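In the numbering used here, the protein residues as written are 1 to 214. Yeah, the Cβ is synthetic: ideal placement off N, Cα and C, and Gly gets one too. The model shown is predicted, which means the values in this text are computed figures rather than measured ones.
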Amino acid sequence: MFDEPLSNLDAELRVDMRLHIARLHQELKTTMVYVTHDQVEAMTLADKIVVMNYGKVEQMGSPMALYYNPVNKFVAGFIGSPKMNFLPAIVSDWQPERLTVTLAQDHQLALNIATQPLKPGAAVTLGIRPEHLTPEVATGTVVEFQCEVVERLGNNTYLFGQCYGHDNVKVLLPGDVHFRPWQKIKLAFDERFCMVFDENDLRISADIPAPDAH
């Protein structure tokens, strides 16, 4: 059993030790229990992840199953870096394969996604991962984004800003894009990767096929 073995190490040593533990796991071919608050360690080292919240098991599954199909907002927010974007919305219209919602500033989105039945006026939350937002392209649902901070890391560029008045919206893009603070950008996302959570924070949108969700 490993109980947060890397928590007090600097960044470079943490990466080295994570690789060492992964190799050790492969060589020994035995069950190891690894306790961590770091989702990167959980995603890279685990065959199965158990996500706990104040002692309660929220979900158990393979890393990619939890990434693609979290059961609730807590798991969705824990798995993935940067953290998933959450946008509060109100249901305007529901059909089995189509959901229309109203975001802040009375902006409506019509999404071609399947969800559990919802009544008009119901409060929901849309979940969109930063890596699933891209500068506007020919296909996809489009939202307006005001960039406030740009972080260029070489291989990746992070944008932080607002979307219809909601702060701390994050976008993960390739490193060769060029945006500037306070620039207004139209962002598109593939509706297949948009998640919907109900007022109890449970995911009510259909499963997304995951590579290793068995």
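Where does the unbroken beta strand (DSSP E) through Leu99 begin, and where does it stop? Counting from 1 along the sequence shown, the entry for residue 99 is found at position 99. Unbroken beta strand (DSSP E) run through Leu99: 98–102.
Are there 16 or more other CB atoms within 10 angstroms of the CB of Glu191, so buried, or fewer, so exposed? Translated into positions along the sequence shown, residue 191 becomes position 191. Buried, by the Cβ-count rule.
Where does Ile208 fall in DSSP's three states? Mapped onto the sequence shown, residue 208 falls at position 208. Three-state result, Ile208: coil.
Measure the CB-CB distance between Leu172 and Pro130 and report whether it falls below 8 Å. For the purposes of this step, residue 172 is taken as residue 172 along the sequence shown, with counting starting at 1. For the purposes of this step, residue 130 is taken as residue 130 along the sequence shown, with counting starting at 1. The answer is yes: Cβ separation under 8 Å.
Alpha helix (DSSP H) segment containing Leu218, residue limits: As shown, the chain starts at 1 and ends at 214. That puts residue 218 outside it, with no answer to give.
Got a sec, what are the start and stop residues for the alpha helix (DSSP H) His20 sits in? As a first step, residue 20 must be located in the sequence shown, where it is residue number 20. Here the alpha helix (DSSP H) through His20 covers 11–28.
Could you check which residue in Pro63, Asp167, Gly165 has the C-alpha nearest to that of Thr44? If you number the sequence shown from 1, residue 44 lands on position 44. Selected option, being the one with the closest Cα: Pro63.
Kindly indicate which residue of Glu97, His178, Lys83, Leu19 has the alpha-carbon position closest to the one of Leu111. Position 111 of the sequence shown, counting from 1, holds the residue named residue 111. Taking only the C-alpha atoms, the option nearest Leu111 is Glu97.
Residue-chain proximity (Leu133, chain B), Cβ-Cβ < 8 Å: Absence of chain B from the displayed structure is noted, only one protein chain being present.
Examine the Cβ distances between the region 144–161 and the region 49–68 and report whether three or more of them are shorter than 8 Å. no
For Met17, I'd like the list of residues in its chain whose CB is within less than 8 Å of its CB, leaving aside the five on either flank, ordered along the chain. Indexing the sequence shown from 1 puts residue 17 at position 17. Contacts found: Pro5, Leu6, Leu9.
What alpha helix (DSSP H) runs, 4 residues minimum, are completely inside the region 54–94? Qualifying alpha helix (DSSP H) stretches, in chain order: 63–68, 73–78.
Can you pull the DSSP bridge partners for Phe160? Taking the sequence shown and counting its residues from 1, one reaches residue 160 at position 160. Answer by DSSP bridge pairing, in chain order: Val149, Lys170.
Check Arg203 in the structure and name its three-state DSSP category. One-based indexing of the sequence shown puts residue 203 at position 203. Reduced to three states, the DSSP call for Arg203 is strand.
With a cut-off of 8 Å, do at least 3 Cβ pairs link the region 158–171 to the region 85–97? yes
Okay, do the region 117–126 and the region 179–198 touch, 3+ Cβ pairs below 8 Å being the bar? yes
Leaving out five residues before and five after Gln183 in sequence, what residues of the same chain have Cβ atoms less than 7 Å from its Cβ? For the purposes of this step, residue 183 is identified with residue 183 of the sequence shown, where counting begins at 1. Within the same chain, Gln183 has close Cβ partners Cys147.
Judging by CA-CA distance, which residue of Glu27, Ile113, Ile90, Pro117 is the nearest neighbour of Asp106? For the purposes of this step, residue 106 is taken as the residue at position 106 of the sequence shown. It is Ile90 whose Cα lies nearest to the Cα of Asp106.
Under 8 Å: do the region 71–79 and the region 47–59 share three or more Cβ pairs, one atom per stretch? yes
Rounded separation between Ala114 and Val150 - CA only: As a position in the sequence shown, residue 114 is number 114, starting the count at 1. As a position in the sequence shown, residue 150 is number 150, starting the count at 1. For Ala114 and Val150, the distance between alpha carbons rounds to 34 Å.
With distances taken from CA atoms, which of Leu19, Ile204, Glu58, Ala22 is nearest Gln116? What you label residue 116 is simply residue 116 of the sequence shown in a count that begins at 1. Measuring from the Cα of Gln116, the nearest candidate turns out to be Ile204.
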